[in-house]
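Heads up: the structure comes next, in structure tokens.
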Amino acid sequence: MTDLPHQNAPQRPYTTAPARTEENAALIARTPRFTLEQDVILSDVTRTALNECLARLRFHHTIYQQWDFARVDPMGMTAILNFYGAPGTGKTLCAEALAGQLGMPFLSLGIAELESKFMGETAKNIQAAFAQAKQSGALLFFDEADTLLGKRLSSVTQGVDNEVNAMRSTLLIELERYEGIVVFATNFARNYDEAFRSRIGYHVEFTLPDSAARRQLWEKFLVEKIPLADARDVLLDGASELSEGLAGREIRTCMRLALPKALLAAGYPAGEPALSLDHLRQAIAQVQATHHTIASRPDFPTAEAHTAKKLLGIQ
Ligand SMILES: Nc1ncnc2c1ncn2[C@@H]1O[C@H](COP(=O)(O)OP(=O)(O)O)[C@@H](O)[C@H]1O
Ligand SMILES: [Mg+2]
Numbered sequence: 093m094t095d096l097p098h099q100n101a102p103q104r105p106y107t108t109a110p111a112r113t114e115e116n117a118a119l120i121a122r123t124p125r126f127t128l129e130q131d132v133i134l135s136d137v138t139r140t141a142l143n144e145c146l147a148r149l150r151f152h153h154t155i156y157q158q159w160d161f162a163r164v165d166p167m168g169m170t171a172i173l174n175f176y177g178a179p180g181t182g183k184t185l186c187a188e189a190l191a192g193q194l195g196m197p198f199l200s201l202g203i204a205e206l207e208s209k210f211m212g213e214t215a216k217n218i219q220a221a222f223a224q225a226k227q228s229g230a231l232l233f234f235d236e237a238d239t240l241l242g243k244r245l246s247s248v249t250q251g252v253d254n255e256v257n258a259m260r261s262t263l264l265i266e267l268e269r270y271e272g273i274v275v276f277a278t279n280f281a282r283n284y285d286e287a288f289r290s291r292i293g294y295h296v297e298f299t300l301p302d303s304a305a306r307r308q309l310w311e312k313f314l315v316e317k318i319p320l321a322d323a324r325d326v327l328l329d330g331a332s333e334l335s336e337g338l339a340g341r342e343i344r345t346c347m348r349l350a351l352p353k354a355l356l357a358a359g360y361p362a363g364e365p366a367l368s369l370d371h372l373r374q375a376i377a378q379v380q381a382t383h384h385t386i387a388s389r390p391d392f393p394t395a396e397a398h399t400a401k402k403l404l405g406i407q
């Protein structure tokens with residue numbers, strides 16, 4: 093226990109390599125697999141907000157890195173973004189695609205990678221993440237960061253509250269001195285600590301897909317080799333109309349549910365399977381039904397609803 097700093101210990105720069113290998117594994121920046129143009133489908137309002145932010149980041153990259161202006165203006169390369177909005181609307185996907193678009197490695201951390209059962213370790217993990225991102229020139233992404241950005245607790249009674257406060261204070265300090273791009277993804281825009289809110293330069297809202305975006309999403313998931321029983325346009329028009337209110341991830345869930353239906357209906361492998369609008373309609377109804385069941389049960393505990401949705405792949 094000797095090398096575990098107390099949560100009130102003064103902040104020290106992270107100079108030694110983390111000892112535990114599973115933590116190291118989480119801290120590896122990778123080459124982004126997506127780009128904004130090819131992989132992300134957004135409604136106009138989100139796309140516009142993102143483009144505005146991207147224009148500035150691109151501009152920054154040229155000026156500060158290619159032209160080396162960072163040498164005389166070291167803090168100029170910093171941009172802190174928050175992607176917020178309903179689950180399954182593409183925030184995680186978009187963060188990686190943004191790194192892809194900017195030609196930067198992608199360093200992604202969830203709360204699971206940061207959290208530690210050891211006192212003071214969480215704050216240390218945050219410091220390590222910033223150090224690693226700086227070293228590799230990566231876009232640093234904090235996924236599901238609601239807990240991270242929340243208000244610091246004023247009446248600290250338990251160790252866990254202390255830990256949360258230590259983590260948030262460390263994050264503020266690191267953000268203050270970091271030179272680079274940091275993206276947070278959160279499901280709720282409210283209840284942030286004001287200190288975080290004011291440091292975040294861009295708040296980009298991820299809305300549910302509008303009808304044009306839903307059609308593109310269906311198009312993305314209705315990959316070419318799937319045999320179709322109806323004309324492709326009929327499927328796309330029908331499905332995008334029927335799926336109002338569903339997020340991108342839920343559209344993917346619909347496809348996951350619909351494809352086995354096509355196989356079963358044909359008695360595959362004896363018969364030839366073909367996906368019909370009817371299969372899609374049934375799948376959409378199933379996903380909408382889980383929406384409805386969960387939403388209409390006021391006594392349904394939030395955590396349970398969260399778990400249920402996650403298990404169903406609609407969260
Ligand atoms: N806007 C979108 N464009 C393209 N695919 C999307 C979009 N939103 C969701 N998806 C699909 O759903 C999956 C999960 O989305 P994700 O980015 O994890 O959502 P969030 O982080 O907002 O909860 C993505 O990997 C992608 O396959
Ligand atoms: Mg996500």
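Reminder that position 2 of the sequence shown reads as 94 in the working numbering, one-by-one numbering, no gaps.
Yeah, the Cβ is synthetic: ideal placement off N, Cα and C, and Gly gets one too.
Local conformation of residue i per DSSP, three classes
| i | result |
| --- | --- |
| G242 | strand |
| Y270 | coil |
| V164 | coil |
| E333 | helix |
| Y360 | coil |
| L231 | strand |
| L367 | strand |
| R348 | helix |
| R455 | An answer regarding residue 455 cannot be provided, because it is not within the stretch 93 to 407 covered by the chain. |
| E115 | For E115, the pLDDT reaches just 48, beneath the cut-off of 50, and the residue's location in the model is therefore unreliable, although a value from the coordinates is still provided. Reduced to three states, the DSSP call for E115 is helix. |
| V256 | helix |
Extent of the continuous beta strand (DSSP E) run through residue i
| i | result |
| --- | --- |
| V275 | 273 to 278 |
| G177 | 171 to 177 |
| A298 | Looking at the sequence provided, one finds Phe at residue 298 rather than Ala. Here the beta strand (DSSP E) through F298 covers 294 to 298. |
Beta-carbon spacing of residue i, residue j below 8 Å
| i | j | result |
| --- | --- | --- |
| Q350 | L334 | The sequence given here places Ala at residue 350; Gln does not occur at that position. In this structure, L334 does not lie closer than 8 Å to A350 by Cβ. |
| E342 | V379 | yes |
| A189 | T123 | no |
| L185 | V132 | yes |
| L119 | Q224 | yes |
| L201 | F222 | no |
Residue i burial status per 10 Å Cβ neighbour count (16 or more: buried)
| i | result |
| --- | --- |
| Q308 | buried |
| N143 | exposed |
| G182 | buried |
| T107 | With a pLDDT of only 38 at T107, under the threshold of 50, the placement of this residue in the model should not be trusted; the figure read from the coordinates follows. Exposed, by the Cβ-count rule. |
| D235 | buried |
| N217 | buried |
| V326 | exposed |
| W159 | exposed |
| E255 | buried |
Bounding residues of the alpha helix (DSSP H) (the contiguous stretch that carries residue i)
| i | result |
| --- | --- |
| V315 | It is not in any alpha helix (DSSP H) - V315 carries neither H nor E in the DSSP assignment. |
| E213 | 213 to 228 |
| L201 | Here L201 belongs to no alpha helix (DSSP H); instead the beta strand (DSSP E) covers 198 to 201. |
| D302 | No alpha helix (DSSP H) holds D302; DSSP gives it neither H nor E. |
| T138 | 136 to 152 |
| D285 | Per DSSP, D285 belongs to no alpha helix (DSSP H) and is neither H nor E. |
| G192 | 183 to 194 |
Counting pairs of Cβ atoms below 8 Å between the region 142 to 152 and the region 199 to 207, do you hit three or more? no
Is there contact here, the region 284 to 291 with the region 190 to 204, by at least three beta-carbon pairs under 8 Å? no
Should the region 304 to 322 be regarded as contacting the region 355 to 372, the criterion being three or more beta carbon pairs within less than 8 Å? yes
Is the region 255 to 263 close to the region 274 to 281, with three or more CB pairs under 8 Å? no
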